[in-house]
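Peer 1: Okay, here's the structure, questions in a sec.
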Amino acid sequence: MLKTHERTFSLLQRVADGVVVGLSLAAAYYIRFNLMHDGEKGLGLFFLKLSPGLIALTLYFCAKLGLYRSYRFNSRSNEILSLFKANTLATLTFILFLYFIAPARVSRITLVLYFAISQVALITLRLCVRNFLRVLRKRGYNLRHVLLVGNGPQMGNYIETVKLFKDSGIRFLGWIEANLDLARKFEIPVLNDSMEEARQKFNPDTIVLGYAGKDSDKVEALLKKSYNDVVPLQVLPDLSFSFIGHEIEDFAGVPLLTMNQPKLNTIDLILKRAFDFSLSFVGLILISPLLILLALLVKLSSPGPFFFGQKRMGLDGKTFTMWKFRTMKMAAPGEDAKEWSNPNNPRKTRVGSLLRKTSLDELPQIWNVVVGDMSLVGPRPEQPFFVEKFKHEIPLYMLRHKMKAGITGWAQVNGWRGDTSLNKRIECDIYYIKNWSLWLDIKILFLTFWKGLLSKNAY
């Protein structure tokens, strides 16, 4: 019954979103061609005729980003971000389509107005729905009653997640084969019944199984017993050995679980790349006078090239040339020495010392971002020589190469840069990969300018 209600609610949400998109386009048309009094009305009518296509695109991207799944485990900020992504992608696709079929009839003002109006309207609608559901659940409606079975390590994570989302409407009826400490901590009744007895006694909406990997035979036995049961059975897999995420693939009908995969999907990767490219390309143009000045200072400080290129290891272990302003004299052999930078290196020039202290020597890496070798934010890339050494000495070291290398990162804005604890840096890198979002990238960039450019560990 609960599942039927959720499907109906999902359908209603699609209808409401479609109406909002249509009304937003109509509002943009009215403002542009009636209030402004300077547009061709036939052009506006042309836009309105295409509104079904825009509605379809918006609903498609919303569905792809999971916006029509249950609200129970989706945070408000996550939902707003996903909605922004979906609306942006739908609008951009619509614009590309317009330029393809009728480039002369594209009204940029109408499109900008539509995007702004629809963004505000869609977010407002979602927030109203969330508040409505929260009120309903507080009054005892739209609840999901769950029976827990098993005491695998993943069960604790599941319970903590449910408790974190206080408005999820999840209520635990009881716990069979419970972890007594966790049951006491979260005030979940411990049951001595069998799963079948508890099902008949409590009539749950869902049964959640969570056993350790070594107890897979128990899961199999319970699944066999439940084949004729109408209550949905959910299994929490024991993935305690996965550190940054996983991905399920279908290989000719055989499910494959790929371990230690970042949570970024295709749309996330496109958005991250678009964010990187647009910001770095514009930034490169804006700071070009500064780059020319710094290049001249480098040239005047000592003979040699403006830039220094060094092989670094990036995404999936692939090497690329990372660029910096040259900060050392060329007289001494091999600036590509296999040693850590140190503050007392006699080859360092005065200009080089200033560039390193202010991190201005890193500015040429913006070009690495433009061409796609690096990202603005990500784990800092290391020389292949050190990677080969550290991967045998530091647990989880190679996981940092699951993300494109960055000019700055979570480790750097938290003070772990230069000759500091490698273990702490790896912890920060893995945290970033596990928790990536566009907002986290923006936060790291802000913190980089706020406190990261001048660092006691930069030399």
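When we follow our numbering, the leftmost residue of the sequence shown carries the number 311, and every step to the right adds one.
C-beta atoms are modelled at their ideal positions from N, C-alpha and C, and glycine is treated no differently.
All values reported here derive from a predicted model rather than from experimental measurement.
Less than 7 Å separating the beta-carbons of L443 and L393?
Peer 2: No. Outside cutoff.
Peer 1: Could you tell me the alpha carbon to alpha carbon distance between D503 and L625, rounded to whole angstroms?
Peer 2: D503 and L625: Cα-Cα distance of roughly 51 Å.
Peer 1: Let me confirm a value: S526 is counted as buried when at least 16 other C-beta atoms fall within 10 Å, else exposed. Which label applies?
Peer 2: Exposed: under 16 other Cβ atoms inside 10 Å.
Peer 1: According to DSSP, is A642 part of a helix, a strand, or is it coil?
Peer 2: With a pLDDT of only 49 at A642, under the threshold of 50, the placement of this residue in the model should not be trusted; the figure read from the coordinates follows. It is coil, neither helix nor strand.
Peer 1: Do M638 and P691 count as a contact pair if the criterion is CB distance below 7 Å?
Peer 2: Cβ atoms of P691 and M638: not closer than 7 Å.
Peer 1: Mapping DSSP to helix, strand and coil, what is I717?
Peer 2: Three-state DSSP puts I717 in a strand.
Peer 1: Rounded to whole angstroms, what's the CA-CA distance from D751 to C738? Just pull it up for me.
Peer 2: C-alpha separation (whole angstroms): 14 Å.
Peer 1: Could you round the C-beta distance between R324 and Y378 to whole angstroms and report it? I think they count as a contact, below 8 Å.
Peer 2: Confirmed, about 6 Å.
Peer 1: Would you say the stretch 698–708 touches the stretch 673–688, given that touching needs at least three Cβ pairs under 8 Å?
Peer 2: No, they do not touch.
Peer 1: Rank F512, K658 and K582 by C-alpha distance to the C-alpha of M684 and give the top, closest one.
Peer 2: The candidate whose alpha carbon is nearest that of M684 is K582.
Peer 1: Does the distance from the C-beta atom of R636 to that of V661 stay below 7 Å?
Peer 2: No.
Peer 1: Taking just the CA atoms, how far does A400 sit from I580?
Peer 2: C-alpha separation (whole angstroms): 14 Å.
Peer 1: Measure how close the beta-carbons of P514 and L453 come, nearest whole angstrom, since I'm counting them as under 8 Å.
Peer 2: No, P514 and L453 are not in contact; Cβ-Cβ is about 11 Å, not under 8 Å.
Peer 1: Where does D751 sit, in a helix, a strand or coil, going by DSSP?
Peer 2: Helix, per DSSP.
Peer 1: Taking only three categories from DSSP, how would you classify T398?
Peer 2: In the structure shown, T398 sits in a helix (DSSP, three-state: H, G or I).
Peer 1: What three-state label does DSSP hand K658 in the structure shown?
Peer 2: Reduced to three states, the DSSP call for K658 is strand.
Peer 1: Indicate the three-state DSSP secondary structure (helix, strand or coil) for Y340 in the structure shown.
Peer 2: Here Y340 sits in helix by DSSP.
Peer 1: Put L483 into one of helix, strand or coil per three-state DSSP.
Peer 2: L483: strand per DSSP, three-state reduction.
Peer 1: From the DSSP output, in three-state form, read off W746 for me.
Peer 2: If DSSP states are grouped into helix, strand and coil, W746 belongs with coil.
Peer 1: What do you reckon, are the CB atoms on T718 and V687 nearer than 7 Å?
Peer 2: For T718 and V687, yes; Cβs fall inside 7 Å.
Peer 1: Below 7 Å CB to CB, which residues in the same chain sit around L446 once its five sequence neighbours on both sides are set aside?
Peer 2: Correct list, in chain order: N452.
Peer 1: Under DSSP, the beta strand (DSSP E) around F759 begins and ends at which residues?
Peer 2: First-last for F759: undefined, no H or E at that position.
Peer 1: Would you check if the distance between the CB atom of W746 and the CB atom of K734 is smaller than 7 Å?
Peer 2: For W746 and K734, no; Cβs fall outside 7 Å.
Peer 1: Can you name the residues that DSSP bridges to Q544?
Peer 2: In the DSSP output, where bridge partners are listed per residue, Q544 has V518.
Peer 1: Can the beta-carbon of V472 be found less than 7 Å from the beta-carbon of S590?
Peer 2: No, the pair does not count as a contact, with Cβ atoms beyond the cut-off.
Peer 1: Give the single residue among G484, A338, Y468 and T318 whose Cα lies nearest to the Cα of S478.
Peer 2: Ranking the options by Cα distance to S478, first place goes to Y468.
Peer 1: For K448 and F482, what's the separation of their Cα atoms in angstroms?
Peer 2: The alpha-carbon atoms of K448 and F482 are separated by roughly 15 Å.
Peer 1: In three-state DSSP terms, what is E497?
Peer 2: Correct three-state label for E497: coil.
Peer 1: Out of curiosity, what's the CA-to-CA distance linking K495 and L546?
Peer 2: Approximately 20 Å between the Cα atoms of the pair.
Peer 1: Determine the DSSP secondary structure at M632, reduced to helix, strand or coil.
Peer 2: Three-state result, M632: strand.
Peer 1: Would you decide whether G627 is buried or exposed? Buried here means 16 or more other CB atoms lie within 10 Å of its CB.
Peer 2: The residue in question, G627, is exposed, as its Cβ has fewer than 16 Cβ neighbours within 10 Å.
Peer 1: Compare the C-alpha of E497 against each of R317, E470 and A338 and name the closest.
Peer 2: Nearest of R317, E470 and A338 to E497, Cα basis: E470.
Peer 1: Tell me where the alpha helix (DSSP H) around G593 begins and ends.
Peer 2: Segment T576 to L596, the alpha helix (DSSP H) holding G593.
Peer 1: Less than 7 Å between C-beta atoms, sequence neighbours within five positions excluded: which residues of the same chain meet that for L423?
Peer 2: Around L423: A338, I341 and R342.
Peer 1: Given a threshold of 16 other Cβ atoms within 10 Å of its Cβ, counted over all protein chains shown, does N586 qualify as buried or as exposed?
Peer 2: A small fix is needed here, since residue 586 is Asp in this sequence, not Asn. Flag for D586 reads buried.
Peer 1: By alpha-carbon positions, which one of G523, L755, L492 and Y707 ends up nearest to W720?
Peer 2: Cα-wise, what sits closest to W720 is L755.
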